[in-house]
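For reference, the structure discussed in these notes is given below.
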Amino acid sequence: MNYSIWIIPAIFFPILCGAAVLILPVFRERTRLLRMTGISLAVTAVLALLVVTGGEQELLLWQFGENLKLYFRVDALGRLYAVLVSLVWVLAGVFSFEYMKHEQEEKRYFGFYLIVYGVLLALAFSGNLVTFYVFYEIMTLTSLPLVLHTRTREALMAGMKYLFYSLCGAYMVLLGIYFMNQYAATLDFTAGGSLDMARVSGNEGVLLVIAFFMILGFGVKAGMFPMHAWLPTAHPVAPAPASAVLSGLIVKAGVIGVIRTVFYVIGPDFLRGTWVQTTWLVLTLITVFMGSMLAYREKLLKKRLAYSTVSQASYILFGLALLQPQAMTGSLLHIVFHAIIKSCLFLSAGAIIYRTGKTQVDELTGIGKEMPVTIWCYTFASLALIGIPPASGFISKWYLATGSLESGISVFSWLGPVVLLISALLTAGYLLPITIKGFLPGADYDYKSLKKLEPAKTMTIPLAILAALAVLLGVFPNPLTAYVSGIAGAVL
């Protein structure tokens, strides 16, 4: 069976459904809106699964000239990202059904939520740099309304910051595409890179500058220093389910962009041992430490989690910058684990806000007594993010540290594990006090006025699934580890 015929429906079905939700007045009625959203999410997930299980596929949508074409190809990396997007997007969508009751403009929220789902699948299935860039830009524009949703002054300023930083990064990438079109044999994603070394000869210095700009450009979305400032501003102002997918998946789109550029167009051999690799490593370690320290000092819960994303995303970028198979395996594992863990943490924060209205960490004393299921899910996800064995985060960080030690890169081979360890301690310092004070509020806590505030099952079930995955993927890591090791082995 030709599974490539499902690529177009998988991408454009949710986009069309989202557009219908935005345009048609019939979806002002909440029951119809939720039914349409639920059916659209389920059908899209099935379509994506058909594409993912269909093996290597490709589909040319449009072509202008030799290299300018919209071209889809399903490979191992694309399948990994598509499955991850579908899993988190559906669970966060189900969570939204209840959560969005206390927000306004549900019609607009669910319309854009469906559109962005389709756009992210297009990113996953992009077969070349041009296609990836087109949908990367569309992703920025269509996810902007999720940031702006509340339309408060804070949200508007955060949205403008998100747009400004994203466009700056996109222009860096666009500059790179112009040059890659001249010096690469093809812009199609090719394992190991596609630079034509005969054309590159004599222009290595220019290509290194362009490579750095492209890494920095995609690094904007991944929150890498010095282009990170938009992330802790934009993510906290969005509704909690939107914050979950922004931190869990849209940040990873920048990471996927870096992987596609470095390992599928430029080629790791061209960067190994150059100033670009050294500078990239420096920026990632700065970001890891800085993000953890800022999260440790932050008192606003969602902003604390956003700073945490800044740090954790650069764990991934650090592993990629080492250009070493084990480290890259750790990075690919952390893409999956962090998406699941951070989505669980943001949804837990959303459940707390929805039921109590509390947004500050200092206000959460005794919250474990009031919302035990929610806080247990938060706790398991926190342990996984810290890297406590046998939870999932331990596995990815083990590969990152081992890959760093075996990389042989002076200073960074030992400095990387040291910074990761310090960051893990800081992660415990900013996540676990909520659990400890939540379940052990002390003698001063008013037990007599205790109320059970657990949210509806449409919120707790997605939380429980994500928390369970955060642990179980660490207990049974071998299938996923073997899969991502194959990706790393193919490009290195």
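Oh and the sequence shown: position 146 is 154 in the working numbering, straight run, nothing missing.
Ideal Cβ placement from N, Cα and C applies to all residues, glycine included.
Option nearest residue i by Cα separation, candidates the options
| i | options | result |
| --- | --- | --- |
| A436 | A389, S48, T373 | A389 |
| L453 | L325, P470, L500, T373 | One point to set straight first is that residue 453 is Tyr, not Leu, in the sequence displayed. Ranking the options by Cα distance to Y453, first place goes to T373. |
| W288 | Y304, G299, L302, V270 | V270 |
| E162 | A246, A219, A451 | A246 |
| L67 | V54, D83, G73, A53 | D83 |
| L279 | R38, T466, V214 | V214 |
| S404 | R87, Y323, F118 | Y323 |
| L55 | V29, M232, R87 | R87 |
| T61 | V34, V96, I13 | I13 |
| L175 | A130, R159, M222, P397 | M222 |
| M379 | Q65, A359, A90, F103 | A359 |
| I146 | M165, T158, L154, V124 | V124 |
| F354 | P470, H342, I274 | P470 |
| S431 | L331, V318, L99, A261 | V318 |
| E507 | P240, Y272, P276 | This structure leaves residue 507 out entirely; the chain is present only between 9 and 500. |
| G63 | L85, V51, M44 | L85 |
| V217 | S251, M180, G46, M168 | M180 |
| T286 | F297, L164, S415 | S415 |
| A100 | P485, L49, L76, Q65 | L49 |
Beta-carbon proximity check, residue i vs residue j, cutoff 7 Å
| i | j | result |
| --- | --- | --- |
| S412 | G424 | yes |
| L224 | N136 | no |
| K350 | S457 | no |
| V127 | F105 | no |
| V259 | A321 | yes |
| I23 | F80 | no |
| T337 | Y407 | yes |
| S427 | L293 | This sequence places Val at residue 427; Ser is not what is there. Against a cut-off of 7 Å, the Cβ pair of L293 and V427 comes out as a contact. |
| L92 | A490 | no |
| S400 | F345 | yes |
| P249 | K311 | no |
| T387 | T295 | no |
| W70 | L58 | no |
| C25 | L122 | yes |
| R363 | L474 | no |
| A478 | A392 | yes |
| T148 | F120 | no |
| T382 | V102 | no |
| L203 | A192 | yes |
| I19 | A130 | yes |
| L183 | P333 | no |
| Y170 | W97 | no |
| F402 | G275 | no |
| Y233 | L291 | With the sequence shown as reference, residue 233 is identified as Phe, and Tyr is not the correct amino acid for it. Closer than 7 Å, so yes. |
| F21 | V29 | no |
Collapsed DSSP secondary structure at residue i in the structure displayed
| i | result |
| --- | --- |
| Y79 | strand |
| E114 | helix |
| N486 | helix |
| Q320 | helix |
| Q334 | helix |
| S418 | coil |
| S134 | strand |
| L195 | coil |
| V500 | Reading the sequence as shown, one finds Leu at residue 500 and not Val. Reduced to three states, the DSSP call for L500 is coil. |
| E74 | coil |
| E66 | strand |
| L32 | coil |
| L183 | helix |
| L203 | strand |
| L461 | coil |
| L448 | coil |
| L156 | coil |
| L372 | coil |
| Y144 | helix |
| G46 | helix |
| K1 | The question about residue 1 has no answer here: the residues shown for the chain are numbered 9 through 500. |
| T435 | helix |
| E37 | coil |
| T150 | helix |
| Y453 | coil |
| T466 | helix |
| T52 | helix |
| T61 | coil |
Specify whether the segment 257-273 and the segment 300-307 touch according to this definition: at least 3 beta carbon pairs, one from each stretch, less than 8 Å apart.
-> no
Which full runs of the alpha helix (DSSP H) of 4+ residues lie inside the segment 376-414, going along the chain?
-> 380-394, 400-414
Would you mind listing the alpha helix (DSSP H) stretches within the segment 206-234 that are 4+ residues and don't spill past its ends, in chain order?
-> 212-229
Is it true that the segment 196-204 meets the segment 110-128, where meeting means three or more beta-carbon pairs spaced less than 8 Å apart?
-> no
Every unbroken alpha helix (DSSP H) inside the segment 231-312 [4 residues or more] | 238-245, 248-253, 259-269, 276-279, 283-305
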